[in-house]
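Chemist: Next up is a structure, given as structure tokens.
Residue numbers (the working numbering): 389 to 653.
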């Protein structure tokens with residue numbers, strides 16, 4: 389009885405004094421539901437209460453630049469490298485990946501299903517002027533979409549009203565696409581965890597250019613001395629641990645994995 393009481397007091401005291409840190413994460417990561425699995429285990433394992441700021445990659449990077457968070461977890465390598473080159477972060481640690489997919493109406497008016505490449509699929513959508521919803525929010529997904537239009541020798545600024553930039557997160561953008569029977573590019577995890585699929589289907593995937601890497605970048609304490617470097621390091625060590633690998637790789641919806649752990653020790 390006394391031992392049980394002591395154990396309860398210890399647990400209560402540990403939780404009461406759990407250290408906190410702020411981590412900016414993307415809406416696509418949050419929409420996947422994985423954070424609901426990881427955060428309680430992180431708190432239990434290392435006594436760290438990770439407070440998430442859920443924004444697009446562009447905004448997450450700006451929060452890091454301003455020192456408003458301790459670290460960022462994002463998915464746009466060119467933007468991440470620019471963040472490091474400007475001295476805003478200390479390093480970049482790859483954690484996990486999934487892929488982007490093209491979603492659209494089941495009727496597939498632009499006939500993208502079976503396309504040879506992503507470029508081919510996007511050119512078909514543009515030629516048909518089929519409704520297409522863009523995140524339009526400077527997120528990692530939006531940045532990737534724009535790069536793919538560029539690879540297709542197409543400029544969204546020249547598109548007509550069929551191209552709808554909504555300036556919203558992944559879930560809200562998928563809802564818009566569902567409401568107007570539009571094509572959209574999404575990360576696979578958000579799509580699998582999306583409840584309002586209605587008449588939408590996954591129509592194209594598997595092109596290597598759709599690879600989607602997530603990375604962890606600590607904010608530079610030389611720029612922002614208030615950054616919680618010990619907590620940031622503790623979280624990074626946990627994120628590359630066997631426990632994290634097991635949880636990430638085993639996180640599935642309807643039997644399909646949403647992420648693949650690829651952090652190096």
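From the three backbone atoms N, C-alpha and C, an ideal C-beta is built for every residue, glycine too.
Taking all protein chains shown into account, decide if residue 596 is buried (16 or more other Cβ within 10 angstroms of its Cβ) or exposed.
Modeler: Label assigned to residue 596: exposed.
Chemist: Less than 7 Å between the C-beta atoms of residue 647 and residue 486, yes or no?
Modeler: Cβ distance < 7 Å, so residue 647 and residue 486 count as in contact.
Chemist: For residue 416, name the three-state secondary structure that DSSP assigns.
Modeler: In this structure, residue 416 counts as helix in the three-state DSSP scheme.
Chemist: Just list the alpha helix (DSSP H) runs in the region 526-606, keeping only unbroken ones of 4 residues or longer that don't cross its boundaries, in chain order.
Modeler: Those alpha helix (DSSP H) runs which fall completely within the region 526-606 and span 4+ residues are 528-539, 558-568 and 576-580.
Chemist: In terms of residues, what are the limits of the beta strand (DSSP E) holding residue 481?
Modeler: Element bounds for residue 481: 481-493.
Chemist: Helix, strand or coil for residue 423 per DSSP?
Modeler: Three-state result, residue 423: helix.
Chemist: Candidates 511, 506 and 429: which alpha carbon is nearest residue 543's?
Modeler: Taking only the C-alpha atoms, the option nearest residue 543 is 511.
Chemist: Is DSSP giving residue 435 helix, strand or coil here?
Modeler: Here residue 435 sits in coil by DSSP.
Chemist: Could you give the residue range of the alpha helix (DSSP H) that holds residue 467?
Modeler: Segment 465-473, the alpha helix (DSSP H) holding residue 467.
Chemist: Cβ of residue 529 less than 7 Å from any chain C Cβ?
Modeler: The question asks about chain C, but that chain is absent: this structure has only one protein chain.
Chemist: So, residue 639 versus residue 461, is the Cβ gap smaller than 7 Å?
Modeler: Not in contact: residue 639 and residue 461 (Cβ atoms no closer than 7 Å).
Chemist: State whether the region 567-574 contacts the region 450-458, with contact taken as three or more CB pairs (one from each stretch) at a distance under 8 Å.
Modeler: No, the region 567-574 does not touch the region 450-458.
Chemist: Taking the beta carbon of residue 583 as the centre, do at least 16 other beta carbons fall within 10 Å, making it buried, or is it exposed?
Modeler: By the 10 Å Cβ count, residue 583 comes out exposed.
Chemist: Taking just the CA atoms, how far does residue 587 sit from residue 406?
Modeler: Looking at the two C-alpha atoms, the distance is approximately 45 Å.
Chemist: Within 10 Å of its beta-carbon, does residue 417 have 16 or more other beta-carbons around it, so buried, or fewer, so exposed?
Modeler: Buried, because 16 or more other Cβ atoms sit within 10 Å of the Cβ of residue 417.
Chemist: Near residue 493, which residues of its chain fall below 7 Å by C-beta distance, leaving aside the five closest residues on each side in sequence?
Modeler: Within the same chain, residue 493 has close Cβ partners 569, 587 and 588.
Chemist: Can you say whether residue 599 is buried or exposed, counting buried as having 16 or more other CB atoms within 10 angstroms of its CB?
Modeler: Exposed, because fewer than 16 other Cβ atoms sit within 10 Å of the Cβ of residue 599.
Chemist: Skipping 5 residues on each side, what residues in its chain have a beta carbon closer than 7 Å to that of residue 475?
Modeler: The residues are 608 and 611.
Chemist: Would residue 591 pass as a contact of residue 499 if the rule is Cβ separation under 7 Å?
Modeler: Result no, Cβ atoms of residue 591 and residue 499 do not sit closer than 7 Å.
Chemist: When you compare each of 415, 593 and 624 to residue 509 by their alpha carbons, which one comes out closest?
Modeler: Looking at the Cα atoms, 593 is the closest of the given residues.
Chemist: Which one of 432, 431 and 411 has the shortest CA to CA distance from residue 453?
Modeler: The candidate whose alpha carbon is nearest that of residue 453 is 411.
Chemist: Rounded to whole angstroms, what is the Cα-Cα separation between residue 585 and residue 520?
Modeler: Their backbone Cα atoms lie some 16 Å apart in a straight line.
Chemist: Compute the Euclidean distance between the alpha carbons of residue 518 and residue 606, then round it to the nearest angstrom.
Modeler: Looking at the two C-alpha atoms, the distance is approximately 41 Å.
Chemist: Take residue 563 and list the residues in its own chain whose beta-carbon comes closer than 8 Å to its own, dropping the five residues that flank it on each side.
Modeler: Same-chain partners within the cutoff: 584.
Chemist: Contact between the region 547-562 and the region 520-536 is defined here as three or more beta-carbon pairs at a separation below 8 Å; is this criterion met?
Modeler: Yes: at least three Cβ pairs fall under 8 Å.
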